[in-house]
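Numbering (the UniProt record's numbering), first residue to last: 1 to 375. Cβ coordinates follow ideal geometry from the N, Cα and C atoms, glycine included.
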């Protein structure tokens, strides 16, 4: 049986090993992207002086709106519980565009954008630097190769455990040691075997969740395991979008006169109700509150409010939301390793680096073995 798994392990690893290395390494580089950005650009993310009170939100956002082209408008604002962090103001275009603003002075500090390094790593991780334009066959080749390689990684990891899992507890203890005093070959062998065992759970979790972005058939099956129908979730999304559009078009003239009316009042209410909030985000007619908790890091309580008077019309606490509203956040949190705070992020970073090293150590051992056989 082990001979069969050894062949599976080898012949899946050889052609796709380098791709797996690139995917894992680029993923590791993205784990602490936010921290690196904030460390390198504190002037963008933090205000110079924290004052007793910030500008009223309508005046602040009107100041921001005056700096924008006529074709771009303010669509929302995100406020951290840290008074030293600048407000993040969302824009109508381009997609996911936002600005950081000093809430005490109204100064626009700059745009939120990925640095060249992290954009390179993100494109490597998702598409192997390929563009998101389909080829002549209508296939996104970079995304396809990443998906296939990730799927094969699952089989490589499982076959590796079958091959090297020891039969006794004493042998297991020895298999988990990495020796650096018995030559390079022994060191790379130990790193390949022990490293794979240490990182197994995290690598499997990252691979199995990552595949939901690669293949629709896999995503549907994955969601179904947790009792979520993808088509129903999409339909609900369209339904919600239609409701928002219907609700947003009715008071259009009113919004032009007072586009940010009652946003300050909504924020004040939510911050009083949720003194331990991490971030409060507000847009026209909706708001959300997130917290510093373990688990789904995209979890939030959601609110709807009347744009004519600021009164709340609907409350949807995270604990009462259905599975379709939770599973995507859980998938993302497990994939990037932030579900357990900084500790699990560090483990995810180390596991991803080990995942990048496994094919390289495997190539080394394979080439050494081929040379020995030839002699």
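By the Cβ rule, the stretch 166-183 does not count as touching the stretch 289-303, because fewer than three pairs are nearer than 8 Å. Ranked by Cα distance from residue 85, the first of 351, 279, 315 and 336 is 279. Take residue 306, set aside five residues on each side of it, and the residues of its chain with a beta-carbon closer than 6 Å to its own are 313, in chain order.
For residue 287, the enclosing beta strand (DSSP E) has its first and last residue at 286-291. In this structure, DSSP gives residue 139 a state outside helix and strand, which the three-state scheme calls coil. In terms of Cβ geometry, residue 126 and residue 143 form a close pair [threshold 8 Å].
The closest CA to that of residue 293, considering only 276, 21 and 308, is found on 276.
The beta carbons of residue 190 and residue 181 sit no closer together than 8 Å.
Rounded to whole angstroms, the separation of the alpha carbons of residue 287 and residue 92 is 17 Å. Three or more beta-carbon pairs separated by less than 8 Å are not found between the stretch 186-201 and the stretch 144-151, which leaves the two stretches without contact. Annotation: the continuous alpha helix (DSSP H) that includes residue 36 extends over 33-40. Straight-line spacing of the CA atoms in residue 83 and residue 103 works out to 9 Å. Counting along the chain, the unbroken beta strand (DSSP E) around residue 279 starts and ends at 277-283. In this model, residue 28 and residue 309 are separated by some 47 Å (Cα to Cα). Pairing residue 337 with residue 24 gives a Cβ-Cβ distance that is not under 8 Å. Residue 305 has 312 as its beta-bridge partners, per DSSP. 8 Å or more divides the Cβ of residue 263 from the Cβ of residue 66. One thing to note: residue 163 has its Cβ within 8 Å of the Cβ of residue 2. For residue 99, the enclosing beta strand (DSSP E) starts and ends at 98-101.
Residues 104 of the same chain have their beta carbon placed closer than 7 Å to that of residue 51, with the five preceding and five following residues left out of the count.
DSSP, read as helix, strand or coil, puts residue 104 in coil. In the three-state reduction of the DSSP assignment, residue 76 falls in the strand class, which pools E and B.
Contact between residue 124 and residue 26 holds: their C-beta atoms lie close to 4 Å from each other, under 8 Å. Around the beta carbon of residue 296, 16 or more other beta carbons lie within 10 angstroms, which makes this residue buried. For residue 189, the uninterrupted alpha helix (DSSP H) segment begins and ends at 184-210. Linking residue 158 to residue 353 through their CA atoms gives a straight-line distance of about 18 Å. Between residue 366 and residue 128, the gap from beta carbon to beta carbon reaches 8 Å or more. The Cβ neighbour count for residue 131, taken over all protein chains shown within 10 Å, is under 16; the residue is labelled exposed.
Restricting attention to 99, 115 and 75, the CA atom closest to the CA of residue 285 is found in 75. For residue 13, the uninterrupted alpha helix (DSSP H) segment begins and ends at 2-30. With a 10 Å radius around the Cβ and a threshold of 16 neighbouring Cβ atoms, residue 339 comes out buried. Looking at the DSSP output, residue 114 sits in no beta bridge, so it has no partner there. Straight through space, the alpha carbons of residue 209 and residue 327 are spaced by roughly 11 Å.
In this chain, the alpha helix (DSSP H) harbouring residue 61 covers 57-66.
Annotated as distal: residue 204 and residue 156, with beta-carbon spacing of 8 Å or more. Residue 224 sits in a helix when the DSSP states are folded into three classes.
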